[in-house]
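Accompanying notes for the structure given below.
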Amino acid sequence: MQTDLLRTSAGAERKKAVTRAVELLRKGELVALPTETVYGLAANALESIAVAKIFEAKERPRFDPLIVHLPNRERLERVVNVPAKHRQLVGRLTDKFWPGALTIVLPKRKIVPDIVTAGLDSVAVRLSAHPVFAEIVGELGEPLAAPSANRFGRISPTTAQHVLDELDGRIPLIVDSGPTEHGIESTIVAVQDGKIAILRRGPITHEQLSDFAEVVSVTGTRRISAPGQLPSHYAPTTPLRLIDNVEDFFPQKDQRVGLLAWESNGGSAAIRERFAAVRNLSKRQDLREAAAKLFRYLRELDALGLDLIVAERVPIDGLGAAILDRLARASHR
Ligand code: TXA
Ligand code: MG
């Protein structure tokens with residue numbers, strides 16, 4: 193894939209860059225965009241396959257929850273449920289710091305695909321103050337999921353050239369608006385029992401936040417450029433086991449087992465009969481589709497009160513590594 197770089201310095205150039213970015217995002221493609229913190233790798237947050245491409249391009253060997261960037265403040269309650277007891281505090285924080293470098297973690301609504309939140313019930317949201325980002329997400333009219341636009345394990349990009357160094361050939365477009373203002377990622381907070389919990393330090397400081405409520409830090413100071421060390425990842429309560437070949441698996445008597453299928457596609461009718469429930473990650477054996485469905489199917493199977501979930505191994509290439517990582521974590525408990 194050829195990666196285009198479009199600048200936004202002159203009016204006509206900017207218009208062209210914005211139009212192209214919106215067009216690609218509408219088609220479910222990825223676009224690297226400037227924000228006031230660092231460059232982000234954006235996809236339509238409501239399209240799970242588009243979001244899966246983010247993990248693929250970044251070669252993330254695991255799924256991390258992504259930040260959802262809103263087109264405007266009014267869209268907040270389309271993607272999250274603000275708990276009544278926190279409504280006032282959340283309102284005061286967003287009045288003060290939005291648009292800007294503050295990300296708030298809130299209970300998610302169903303409309304947000306599970307791949308965006310790595311299966312969590314909460315979603316991190318922000319409203320970027322960058323004029324070009326704001327124009328693109330505003331014109332698209334849909335929220336954008338966007339992690340920093342670097343490959344896994346690298347530091348966040350603060351110029352379009354950094355993004356090109358990282359992702360050349362993997363994404364169709366980088367919108368170049370020069371170096372970013374802050375150069376570090378946004379501050380991430382959650383509201384817990386009326387307190388503000390800082391999950392990641394960033395441009396909005398502890399001191400600034402303490403004007404609004406008591407502030408507690410839930411993070412060390414060390415890893416500012418390497419987030420993703422945050423506590424909770426969704427974990428199924430049903431035991432899970434990875435298997436190589438579904439044909440060799442026989443449940444014990446009265447054992448209710450769910451199958452998360454890949455290779456066998458759920459297998460023959462005789463094989464399917466062994467299982468209380470079957471979910472196919474991708475009938476086409478497409479890793480993007482599998483990634484997009486993984487968390488939803490894990491949840492669905494987990495909700496059935498089964499004795500065991502068995503998951504067929506997916507190939508380890510590309511997105512497969514992240515899927516296997518997630519399955520391995522789910523099996524180690
Ligand atoms: O400044 C920024 O925040 C940049 C720009 C592009 O907006 N984005 C960014 O995204 O730094 P990323 O993916 O590199 O870091 C997002 C981090 C995740 O690694 C995770 O630690 C945290 O946000 N996060 C996301 N959703 C969460 C959730 N529901 N609960 C707790 N933490 C969450
Ligand atoms: Mg990052």
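For the sequence shown, counting from 1, position 108 maps to 300 in this note's numbering; every step adds exactly one. Cβ coordinates follow ideal geometry from the N, Cα and C atoms, glycine included.
Below 7 Å between beta carbons: does that hold for Ile396 and Leu222? no
According to DSSP, what are the bridge partners of Pro299? Ser314
Using only alpha-carbon positions, find the residue among Ala522, His524, Arg521 and Gln194 that is nearest to Leu356. Gln194
Beta carbon of Leu365, beta carbon of His261: below 7 Å? no
Where Ile380 and Ala237 are concerned, what is the direct C-alpha to C-alpha distance, given to the nearest angstrom? 18 Å
Provide the residue(s) that pair with Glu504 in DSSP beta bridges, ordered along the chain. Ile435
Buried or exposed (CB count within 10 angstroms, at least 16 for buried), His524: exposed
Considering only the alpha carbon of each residue, which of Val317, Pro253, Asp306 and Leu312 lies closest to Glu269? Val317
Proximity winner among Val282, Asp287 and Ser348, relative to Ala389 (alpha-carbon distances): Val282
At least three beta-carbon pairs within less than 8 Å, the region 507 to 523 to the region 470 to 489: yes
Would you report the Cα separation of Pro253 and Arg518, rounded to the nearest angstrom? 9 Å
Let me confirm a value: Ile303 is counted as buried when at least 16 other C-beta atoms fall within 10 Å, else exposed. Which label applies? exposed
Who are the near neighbours of Ala204 in its chain, counting only those whose CB is closer than 7 Å to its CB and skipping five residues on each side? none
Do His322 and Thr211 have their beta-carbon atoms positioned less than 7 Å apart in this structure? no
Answer yes or no: the CB of Ser340 versus the heavy atoms of the ligand MG, is any distance below 6 Å? yes
Entirely enclosed alpha helix (DSSP H) segments - the region 429 to 481, minimum 4 residues: 461 to 464
Which residues in the same chain have their Cβ closer than 7 Å to the Cβ of Pro443, if we skip the five residues on either side of it in sequence? Val449 and Arg466
Between which two residues does the alpha helix (DSSP H) carrying Thr379 extend? No alpha helix (DSSP H) contains Thr379, which is instead part of the beta strand (DSSP E) from Thr379 to Gln384.
Helix, strand or coil for Lys219? Go by DSSP, reduced to three states. coil
What I want to know is whether the C-beta of Leu312 ends up closer than 6 Å to one or more non-hydrogen atoms of the ligand TXA. yes
CB contact flag (Gly232, Ala338, <7 Å): yes
Less than 8 Å between the CB atoms is what I'm expecting for Ala182 and Ile241, so what's the real figure, rounded? Outside the displayed range of the chain (193 to 525) lies residue 182, so it cannot be described from this structure.
Please list the segments of the alpha helix (DSSP H) lying wholly inside the region 206 to 277, counting only runs of 4 or more residues, in order along the chain. 240 to 250 and 268 to 271
Taking 6 Å as the line, does the beta carbon of Ala316 fall inside it for any heavy atom of the ligand TXA? yes
Based on the DSSP secondary-structure assignment, which residues constitute the bridge partners of Asp368? Arg199
Are Asp494 and Pro431 closer than 7 Å when you measure CB to CB? no
For Lys300, count the other beta carbons within 10 Å of its own beta carbon; 16 or more makes it buried, fewer makes it exposed. Which is it? buried
Residue range of the beta strand (DSSP E) that includes Ala326: Careful: Ala326 lies outside any beta strand (DSSP E), inside the alpha helix (DSSP H) at Pro323 to Leu332.
Which residues mark the beginning and the end of the alpha helix (DSSP H) in which Leu356 is found? Ala352 to Leu359
Selection from Val408, Phe247 and Ser348 that minimises the alpha carbon distance to Thr229: Ser348
If Glu504 and Glu455 are in contact, beta carbons under 8 Å, what's the gap, nearest whole angstrom? 5 Å
How would you label Pro371, buried or exposed, when you count the other beta carbons within 10 angstroms and need 16 or more for buried? exposed
Does DSSP put His524 in a helix, a strand or coil? coil
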